[in-house]
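**Q**
There are 2 protein chains.
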Amino acid sequence: MKINDIQTPSLLVDEVRLERNIRRMAQRIETLGCRLRPHVKTHKSIEVFERVRNAGHTHGITVSTLHEAEYFFEHGVTDIFYGVGIAPNKLAQVASLLERGCELRITLDSVEMAELVAADGEHRGRPFDVLIELDTDGHRSGVLPESLELLKIGKLLHESDGTTLSGVMTHAGDSYACSSPKALLQIARQERDRTVFAANRLRDAGLPCPVVSVGSTPTALSIDDLSGVTEVRAGVYVFFDLVMAGIGVCTIDDIAVSVLTSVIGYQREKNWVVTDAGWMAMSRDRGTAGQEVDQGYGLVYDEGQGFAGDLLVVSANQEHGIVSTRDPSLPVAYGELPLGALLRVFPNHACATAGQYDKYYAIDGDGLISEWSRTNGW
Amino acid sequence: MKINDIQTPSLLVDEVRLERNIRRMAQRIETLGCRLRPHVKTHKSIEVFERVRNAGHTHGITVSTLHEAEYFFEHGVTDIFYGVGIAPNKLAQVASLLERGCELRITLDSVEMAELVAADGEHRGRPFDVLIELDTDGHRSGVLPESLELLKIGKLLHESDGTTLSGVMTHAGDSYACSSPKALLQIARQERDRTVFAANRLRDAGLPCPVVSVGSTPTALSIDDLSGVTEVRAGVYVFFDLVMAGIGVCTIDDIAVSVLTSVIGYQREKNWVVTDAGWMAMSRDRGTAGQEVDQGYGLVYDEGQGFAGDLLVVSANQEHGIVSTRDPSLPVAYGELPLGALLRVFPNHACATAGQYDKYYAIDGDGLISEWSRTNGW
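In structure tokens, the structure reads:
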């Protein structure tokens, strides 16, 4: 199979870049003397995860849905952390996965939810393994590390027969809003310090806290010391994307995922090229809109065609992309974009764009293409 | 199956509202003396389409991908128009569908593409059935109705053994930017007039133009006379959404699709409720951001819970939704939102949100729930 055999729009993975990104993170984690619990929510693909595992320094995975947990468990992965606060209507499925031999860990951030989960676990006669979610940067969920609630939750989880207290976790989502190495280092240290602080508070209260889990791609690539942390969760680094390039933790040349699209028409008076990759193919994510460089709905990839970094998907309908020059005063080089020409477009947000596809076309260093699986939904 | 048996997040269809929306469009089309070629890109579901067909006044369907064409053809629908400008790498699949008995029609908007398609059809010894796409409002693709190019394309398609010229089509996408009945009527008349004008130009040049196809939900619900038009394409009206309510062609009480989500936590100091429907469940579509009423990532549906129109999904991570009051000075009524409570959220854009799911839970007037299929991808 060659690239001309792929019907558009499709999702491509550059295996050379993917392997390089994976090695980079593995080396960092090794240098920091920690372990990686990779977040699979970006790729949701056993073929990608196998490459992450082969690079070493991992233990288990992190998932964002129980559907991912089922998929990876079916593919032989047993050590799984479900990183989104549990909902009561998901406990039956969690229990079923435990029953089938999956070492599934869940998270929650309130006394009320701890009570619900503990009661459910007691009723089932099998404890749920729980991390307490911490709010270390005001981004979304979690209890404050200095709160009384943290100790109350810890005590409740530890003392109930329906739960096992395994530790604490956080996600410094505000790192996505950073744009300098200094700011990134600061938020990475804050994520580490506040999480280790919470772990020590639990221990000082006589409670167990074996797991101290932090992570995001920007903080994992910025932190200088992970003393006290037992695992790092990061996901998007395998592919990277325009948002990560805007933050500065990768370059455009690291982005391993792109959308393949065909030129289907022109509106020359408007300086437009029309393609078959609209927002269904790119996702509606406009994550670079608030960054220094707004990349529209995606950046057209240069492979020596002479439009390096200059063509963007400037707008999108459901199945139509509108490509034009970044600088509206510059004319599109229509001669280089014949009808049917294949373009590759880098996405703003790999997690969102990949979520629109049910498979990948992986291209190795020799240009050979293979299909890789991907799962979606809940 | 009852609503409490559904794991969140999930996509719900209110059958009562769906049937009412379908009847409304069927009655309009009947009154206008026209026929509907419903666009299935919103729902991509045979169960929804069957209800549209049962309401009458339809012939065939419109699809936005060849994958939809395959799905509906497998379910017995043979008269299909693929409404996105054809790409050369899709012609083999189009030919395969024709071979299998599908009456598939395609569209294009340039002499160059007409030449490519005609050559391909001649080579295969089987003509492609083509509508010329018109640009009637400057929105995206299409040739201008008054252009010389229109006649050149028409002549080429008519004279080639590789193509059959079947007529003209347009989509007045700019209608989505309208917000008054007067503006909508104006753009609907413009869509009709410019399309009929193009059809007559072809006929005056001695070319056939049996099909004169227009459509969008806003224009279909606004036009007063469809003389000269042979078919109307509209899709989102079956579900409607917050964008359509913002345009004024439906009310919030017409919206037939919603996302079911669970309350998983609180950040009370921030006046937040955290749910398990983030942007993966809602889509990244922020279509109401530019409208008079910005509905965030979705409006929490009121079913007598006492927060009518006042709670929004104000921000979203991949699998976390942040719900708060529309007026930040008003406190969230936490007592009405216990942990595990199920909320329904209306989406900005039904096409985008439904695209995140592979099935529907349809709820009938008695609260009985059945699963309906949906297809995605390309």
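Quick note, the sequences are listed as chains A and B, same order.
Each residue of the first sequence is one higher than the one before, counting from 11 in the working numbering.
Each residue of the second sequence is one higher than the one before, counting from 11 in the working numbering.
Cβ coordinates follow ideal geometry from the N, Cα and C atoms, glycine included.
These figures come from a predicted structure and were not determined experimentally.
(1) What three-state label does DSSP hand serine 223/B in the structure shown?
(2) How about isoleucine 367/B: is its C-beta nearer than 8 Å to some C-beta of chain A?
(3) Among all the DSSP beta bridges, which residues are the ones paired with threonine 72/A?
(4) Would you report the Cα separation of leucine 216/A and proline 98/A, rounded to the nearest angstrom?
(5) Does the Cβ of asparagine 31/A have 16 or more other Cβ atoms within 10 Å, making it buried, or fewer, making it exposed?
(6) Just how far apart, CA to CA, sit serine 293/B and leucine 231/A?
(7) Find out if the Cβ-Cβ distance for the pair glutamate 143/A, threonine 173/A is shorter than 8 Å.
(8) Span of the beta strand (DSSP E) holding serine 237/A?
(9) Compare the Cα-Cα distances from histidine 222/B to each of Ile233/B, Leu158/B, Trp282/B and Glu201/B and report the closest residue.
(10) For the beta strand (DSSP E) containing glutamate 143/B, name the first residue and the last one.
(11) Between the alpha carbons of glycine 300/B and arginine 136/A, how many angstroms are there, rounded?
(12) My understanding is that glycine 375/A touches glutamate 156/A, with C-beta atoms under 8 Å, so please give their C-beta distance in whole angstroms.
(13) Residues of the stretch 86-99 of chain A in Cβ contact with chain B at a cutoff of 8 Å, in chain order, please.
(14) Which one or two residues does DSSP pair with glutamate 381/A in a beta bridge?
(15) When you compare each of Cys44/B, Pro19/B and Arg27/B to valine 242/B by their alpha carbons, which one comes out closest?
(16) Can you name the residues of chain A whose CB is closer than 8 Å to the CB of leucine 349/B?
(17) Can you name, in chain order, every residue of its own chain whose Cβ lies under 7 Å from the Cβ of asparagine 386/A, other than the five neighbours on each side?
(18) Interface residues of chain B around aspartate 286/A at Cβ under 7 Å?
(19) Using beta carbons (cut-off 8 Å, strictly below), is glutamine 37/B in contact with chain A?
(20) Mark threonine 18/B as exposed unless 16 or more other C-beta atoms lie within 10 angstroms of its C-beta, in which case mark it buried.
(21) Below 8 Å, can you find three or more Cβ-Cβ pairs linking the stretch 48-68 of chain A to the stretch 82-90 of chain A?
(22) Anyone know if the C-beta pair for isoleucine 96/A and valine 50/A falls short of 8 Å?
(23) For glutamate 80/A, which of Asn64/A, Leu114/A and Arg47/A has the nearest alpha-carbon?
(24) What did DSSP end up calling alanine 244/A once you bin it into helix, strand or coil?
(25) Let me see if you follow: with CB-CB separation under 8 Å, is asparagine 327/B close to chain A or not?
(26) Taking the continuous beta strand (DSSP E) assigned at tryptophan 282/A, which residues delimit it?
(27) Following the continuous alpha helix (DSSP H) through arginine 110/A, name the residue where it begins and the one where it ends.
(28) Looking at chain B, which residues of the stretch 18-50 of chain A have a Cβ within less than 8 Å of any of its Cβ atoms?
(29) Taking all protein chains shown into account, decide if alanine 409/A is buried (16 or more other Cβ within 10 angstroms of its Cβ) or exposed.
(30) Return the bridge partner residues of tyrosine 276/B from the DSSP annotation.
(31) Output, in sequence order along the chain, the residues in the stretch 286-304 of chain B whose CB is closer than 9 Å to any CB in chain A.
(32) Just by C-beta distance, which residues in the stretch 171-186 of chain B are closer than 8 Å to chain A?
(33) What are the boundary residues of the alpha helix (DSSP H) that includes aspartate 214/A?
(34) How is the alpha helix (DSSP H) around methionine 292/A delimited, first residue to last?
(35) With DSSP as the reference, label threonine 41/A as helix, strand or coil.
(36) Locate the alpha helix (DSSP H) running through methionine 179/A, then write down its first and last residues.
**A** According to the structure data:
(1) strand
(2) Checking the displayed sequence, the identity of residue 367/B turns out to be tyrosine instead of isoleucine. Judged by the 8 Å Cβ criterion, tyrosine 367/B is in contact with chain A.
(3) His49/A and Phe91/A
(4) First, the residue type needs correcting, since residue 216/A is glycine and not leucine in the sequence shown. One C-alpha to the other measures close to 28 Å.
(5) buried
(6) 28 Å
(7) no
(8) Looking at the DSSP string, serine 237/A is not in any beta strand (DSSP E), and its letter there is neither H nor E.
(9) The sequence shown places valine at residue 222/B, not histidine. Closest by alpha carbon: Glu201/B.
(10) 138-144
(11) 50 Å
(12) That belief does not hold up - the Cβ atoms of glycine 375/A and glutamate 156/A are roughly 50 Å apart, past 8 Å.
(13) Val94, Gly95, Ile96, Ala97, Pro98 and Asn99
(14) Tyr371/A
(15) Cys44/B
(16) Pro98, Ser120, Glu122, Met123 and Leu126
(17) Lys54, Gly365 and Asp368
(18) Val94 and Ala97
(19) no
(20) buried
(21) yes
(22) no
(23) Leu114/A
(24) coil
(25) yes
(26) 282-285
(27) First-last for arginine 110/A: undefined, no H or E at that position.
(28) Thr18, Pro19 and Ser20
(29) The structure shown does not extend to residue 409/A, since chain A is modelled only from 11 to 388, so the question has no answer here.
(30) Val283/B
(31) Asp286, Gly288, Trp289, Met290, Ala291, Ser293, Arg294, Asp295, Arg296 and Gly297
(32) Gly183
(33) 191-214
(34) 289-292
(35) helix
(36) Run containing methionine 179/A: none in the alpha helix (DSSP H); it sits in the beta strand (DSSP E), 173-180.
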